[in-house]
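Peer 1: For the record, the sequence lines run as chains A and B. Quick note on numbering that gives the first Met the number 0: the first sequence kicks off at 0 and runs consecutively. Quick note on numbering that gives the first Met the number 0: the second sequence kicks off at 0 and runs consecutively. Virtual Cβ for every residue (Gly too), placed ideally from N, Cα, C.
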Amino acid sequence: MELTPKILKNLIKSAQMATAHEIGCDECFDELHKFAEMELAGKSPAEAKPLVQDHLNKCGSCREEYEALLEGLRALQNGH
Amino acid sequence: MLNWFKRRRKKNSSYETNEEWIEALKPPVDEQAVKKLRAQLIRGLKPALHKYVDRELDQFVEDVAQDALLKVLDNIDSFRGESKLLTWAMKIAVREGLTELRLKRYDDISIEDLKPDDESREVFSLSVASDDTSPERSLHESQLVDKVLQIINEELTQKQKTAINALMIQGLPMPVVVKQLDTNRNALYKLVHDARVKIKNKLEVEGIDPDEMLNKL
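(1) Look up A:Y65 in the DSSP assignment and say whether it is helix, strand or coil.
(2) Between the region 79-92 of chain B and the region 23-36 of chain A, are three or more C-beta pairs nearer than 8 Å?
(3) Suppose only complete runs of 4+ residues qualify. What are the alpha helix (DSSP H) ranges in the region 4-43 of chain A, listed by chain order?
(4) Does the Cβ of B:A32 have 16 or more other Cβ atoms within 10 Å, making it buried, or fewer, making it exposed?
(5) Show which residues of chain A have a CB atom less than 7 Å away from the CB atom of B:I198.
(6) State the DSSP-derived secondary structure class of B:K146, mapped to helix, strand or coil.
(7) I'd like to know if the region 65-78 of chain B and the region 11-26 of chain A are in contact, where contact means that at least 3 CB-CB pairs between them fall below 8 Å.
(8) Helix, strand or coil for B:N74 per DSSP?
(9) DSSP state of B:Q157, grouped into three classes?
(10) State yes or no: is the beta carbon of A:K46 nearer than 8 Å to at least one beta carbon in chain B?
(11) Here's a check: name, in chain order, each residue in its chain whose Cβ is nearer than 6 Å to the Cβ of B:E118, leaving out the five neighbours to either side.
(12) Report the residue ranges of all alpha helix (DSSP H) runs contained in full by the region 21-89 of chain B; include only those spanning at least 4 residues, in chain order.
(13) Checking 8 Å against the spacing of the C-beta atoms, do B:K158 and B:L190 come in under that value?
(14) Give every residue of the same chain whose Cβ lies closer than 6 Å to the Cβ of A:E38, excluding the five residues on either side of it in the sequence, and list them in chain order.
(15) If you check the beta carbons only, do B:V63 and B:E99 fall under 8 Å apart?
(16) At what residues does the alpha helix (DSSP H) containing B:Q179 begin and finish?
Given below as structure tokens:
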């Protein structure tokens with residue numbers, strides 16, 4: 000196992016991006032349905048709920064779920 | 000008798016409002032409402048999950064919708080009407096589906112297969128690997144690695160080191176690390192978050208600018 004410059008960069012960036020008030024996956028999940036509806040309504044959920052946006056930027060699993068949720072909701076909206 | 004009237008009334012409902020849905024999904028549950036919600040979940044889950052499922056999408060989505068419905072019914076009291084009920088239910092269903100897929104994705108891989116070749120190699124004994132072999136560059140990188148590893152080893156708890164090592168150095172997928180550490184996703188995120196904050200604070204205390212570090216890499 001070697002610590003490549005890429006891994007080192009990711010480690011430093013991830014520490015650099017850390018903020019004291021980050022929310023966890025559970026708190027993000029609690030907000031996700033409201034966040035998704037705002038996005039579908041053309042509002043700016045990232046401005047209204049910056050902590051949720053911040054978590055989605057940092058957590059791949061939650062981001063994956065959010066993107067899949069949007070896909071599903073868009074299809075329902077369009078009557079597919 | 001009252002329940003009979005309730006059910007009769009609900010059967011004529013179109014379930015357009017959250018109030019109608021909540022009323023229909025609370026005990027005694029209106030089967031017609033459940034049927035309608037299941038159909039909508041299936042319709043939304045297909046486009047949501049199709050790129051993750053390579054075969055038998057229909058069957059998979061039906062199973063997920065059924066499991067999600069049970070969760071929706073169990074948690075209907077916690078729905079506060081802050082979105083459409085269908086959006087909230089879809090959120091539950093999508094997480095159900097992706098969680099199932101993630102478990103399946105790593106089910107065939109033994110946890111042993113994902114462990115490093117030599118478990119004695121902990122964070123502090125990692126070496127630098129770079130394509131750039133110039134001595135000056137290597138020296139910079141070597142110093143940076145030493146500094147970061149020193150911070151990790153001095154500031155983090157054993158559990159934080161294990162999590163950082165597994166997720167960020169070995170690059171293991173989150174579900175695998177969750178299983179390895181016998182924890183859950185939220186707790187793992189919080190554990191790593193605390194570790195990231197500690198590293199950040201230590202860099203600040205030592206007067207090290209992360210941007211400068213990144214530029215040297």
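Peer 2: Answer, in terms of the structure:
(1) If DSSP states are grouped into helix, strand and coil, A:Y65 belongs with the helices.
(2) The answer is yes - the region 23-36 of chain A touches the region 79-92 of chain B, with three or more Cβ pairs under 8 Å.
(3) With a minimum length of 4 residues, the continuous alpha helix (DSSP H) runs that stay inside the region 4-43 of chain A are 4-15, 24-39.
(4) Under this definition B:A32 is a buried residue.
(5) The answer, in chain order, is A14.
(6) Three-state result, B:K146: helix.
(7) Not touching, per the Cβ criterion.
(8) Reduced to three states, the DSSP call for B:N74 is coil.
(9) Three-state result, B:Q157: helix.
(10) With the sequence shown as reference, residue 46 of chain A is identified as Glu, and Lys is not the correct amino acid for it. No, A:E46 does not count as interfacial toward chain B.
(11) The predicted model places B:E118 with a pLDDT of 40, which falls under 50 and marks its position as unreliable; any figure quoted below should be read in that light. Result list for B:E118: empty, nothing under 6 Å.
(12) The region 21-89 of chain B contains these whole alpha helix (DSSP H) runs: 30-48, 56-73.
(13) Between B:K158 and B:L190, the C-beta spacing is below 8 Å.
(14) In chain order, P44 place their CB closer than 6 Å to the CB of A:E38, counting only its own chain and leaving out the 5 sequence neighbours on each side.
(15) For B:V63 and B:E99, yes; Cβs fall inside 8 Å.
(16) Looking at the DSSP string, the run of the alpha helix (DSSP H) that includes B:Q179 is 173-179.
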